[in-house]
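In what follows, a structure is listed as structure tokens, so that the remarks can point back to it.
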Amino acid sequence: MKIGIIGSGKVGSKLGELWVKAGHQVMFSFSRNPERLKALAEQIGSNAQHGTPAEAVQFGEVILLAPNFSLAPEAISQAGSLAGKIVIDTTNPYRLDENNELVRMVDENASAAEEILKLLPAARLVKAFSSFQPSALQRLTERLPEQRLAVAIASDDEEAKAIVSKLAQDSGGQPFDLGSLHNARLMEIPGPFSFGDNLTLESALALRQKVLSC
Ligand SMILES: NC(=O)c1ccc[n+]([C@@H]2O[C@H](COP(=O)([O-])OP(=O)(O)OC[C@H]3O[C@@H](n4cnc5c(N)ncnc54)[C@H](OP(=O)(O)O)[C@@H]3O)[C@@H](O)[C@H]2O)c1
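Using this note's numbering, you'd call the opening residue of the sequence shown number 29 and step up by one each time.
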């Protein structure tokens with residue numbers, strides 16, 4: 029599958045590397061320093077390229093949207109229309125204030141994903157990969173199935189969710205369904221699934237039953 033990556037920092041670069049290892053093609057984009065993206069793509073190999081956000085949208089069957097939340101409007105304006113595209117939102121809705129303190133940027137009861145969707149008319153938005161540090165993911169071959177990291181997936185588009193679930197498996201994780209896009213807040217900081225660096229599928233399913241039955 030071809031995956032356009034908008035936001036190629038810790039999350040975007042790690043997922044891009046893992047997806048190339050799983051046989052996908054990626055294009056990295058969105059940086060103040062395109063030379064860094066060129067070096068990143070070269071280091072990963074021939075199935076990795078770099079380009080502008082608009083080129084990543086043209087390239088990708090699926091788009092990974094992984095900028096800092098406060099820069100999402102800028103990244104999306106550089107990307108152009110994402111109508112009809114499956115877009116994976118990884119953002120956590122925080123910025124640092126002048127004292128280096130985290131400031132939440134959306135209402136406590138809303139999700140960043142719902143705010144992002146307002147910027148992406150007709151995109152097929154799926155929330156995933158926001159609940160753990162990207163370094164917690166490892167290649168499939170490096171972990172037994174029961175030890176693999178649980179990857180929460182939330183969306184109102186079931187077909188898009190299934191495609192992203194496959195990409196979660198290909199990144200070395202074990203996908204699990206967290207329900208609607210509104211439930212994305214459960215995997216965004218400080219939701220119950222948002223500190224999932226060691227969360228296995230078995231624990232995630234037990235936690236899901238507890239949280240969703242409340
Ligand atoms: N890190 C985590 O543990 C983690 C876990 C889950 C979810 N998330 C969420 O996922 C998203 C990405 O996180 P991250 O840790 O990958 O962030 P990051 O490492 O800071 O990556 C963001 C990228 O955006 C680029 N960028 C920054 N300012 C820019 C500008 N003005 N114009 C163009 N590009 C710019 C930077 O590239 P250059 O430096 O090359 O300009 C940077 O590599 C965030 O919303 C975060 O909340 C993070």
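All C-beta atoms, glycine included, are put in the ideal place defined by N, C-alpha and C.
Distance CB(residue i)-CB(residue j) smaller than 8 Å
{"i": "V134", "j": "A156", "result": "no"}
{"i": "V239", "j": "K189", "result": "no"}
{"i": "D117", "j": "A138", "result": "no"}
{"i": "R152", "j": "D185", "result": "yes"}
{"i": "A69", "j": "F56", "result": "yes"}
{"i": "A50", "j": "V85", "result": "no"}
{"i": "A182", "j": "L209", "result": "yes"}
{"i": "E143", "j": "P121", "result": "yes"}
Residues near residue i by beta carbon distance below 6 Å, same chain, minus five either side
{"i": "N75", "result": "V48 and Q53"}
{"i": "L65", "result": "S36, F56, S59 and H78"}
{"i": "L168", "result": "G200"}
{"i": "V192", "result": "I116, V154, A156 and I181"}
Rounded C-alpha distance that separates residue i from residue j
{"i": "L165", "j": "L46", "result": "9 Å"}
{"i": "R123", "j": "G35", "result": "16 Å"}
{"i": "A150", "j": "P162", "result": "28 Å"}
{"i": "E187", "j": "V90", "result": "12 Å"}
{"i": "Q237", "j": "F97", "result": "29 Å"}
{"i": "E230", "j": "D205", "result": "13 Å"}
{"i": "Q71", "j": "E174", "result": "31 Å"}
{"i": "G207", "j": "N127", "result": "36 Å"}
{"i": "I217", "j": "N211", "result": "12 Å"}
{"i": "S241", "j": "G219", "result": "15 Å"}
{"i": "E170", "j": "T119", "result": "27 Å"}
{"i": "L172", "j": "E63", "result": "37 Å"}
{"i": "K194", "j": "N61", "result": "31 Å"}
Same chain only: Cβ atoms within 8 Å of residue i, ignoring 5 sequence neighbours per side
{"i": "G224", "result": "S159, F160, A164, L177, A178, A180, M215 and A232"}
{"i": "L227", "result": "S159, F160, L177, A178, F221 and L235"}
{"i": "P101", "result": "L147"}
{"i": "A196", "result": "A156, F157, V179, I181, Q202 and P203"}
{"i": "K38", "result": "Q161, P162 and S163"}
Whole-Å CB distance - residue i paired with residue j, under 8 Å assumed
{"i": "L148", "j": "I104", "result": "7 Å"}
{"i": "L99", "j": "S199", "result": "The pair is not a contact, with the Cβ atoms about 23 Å apart (cut-off 8 Å)."}
{"i": "K30", "j": "G88", "result": "5 Å"}
Cβ-based neighbour list, residue i, same chain, cut-off 7 Å, excluding 5 preceding and 5 following
{"i": "G40", "result": "I33, F56, L92 and A94"}
{"i": "G73", "result": "V48"}
{"i": "P81", "result": "I34, S57, F58, A103, Q106 and A107"}
{"i": "L130", "result": "Y122 and L124"}
{"i": "L110", "result": "V85, I91, L148 and A151"}
{"i": "R132", "result": "P121 and Y122"}
{"i": "E83", "result": "M55 and S57"}
Any non-hydrogen atom of ligand 2 closer than 7 Å to residue i Cβ
{"i": "E102", "result": "This structure simply doesn't include ligand 2; it includes ligand 1 instead."}
Worksheet item: For the stretch 104-191, which segments carrying the beta strand (DSSP E) assignment without a break, of at least 3 residues, lie completely within its bounds, in sequence order?
Response: 114-117, 122-124, 130-132, 152-156 and 177-183
Practice prompt. Could I get the ranges of all uninterrupted alpha helix (DSSP H) runs contained in the stretch 66-95, with 4 residues as the minimum, in chain order?
Written response: 81-87
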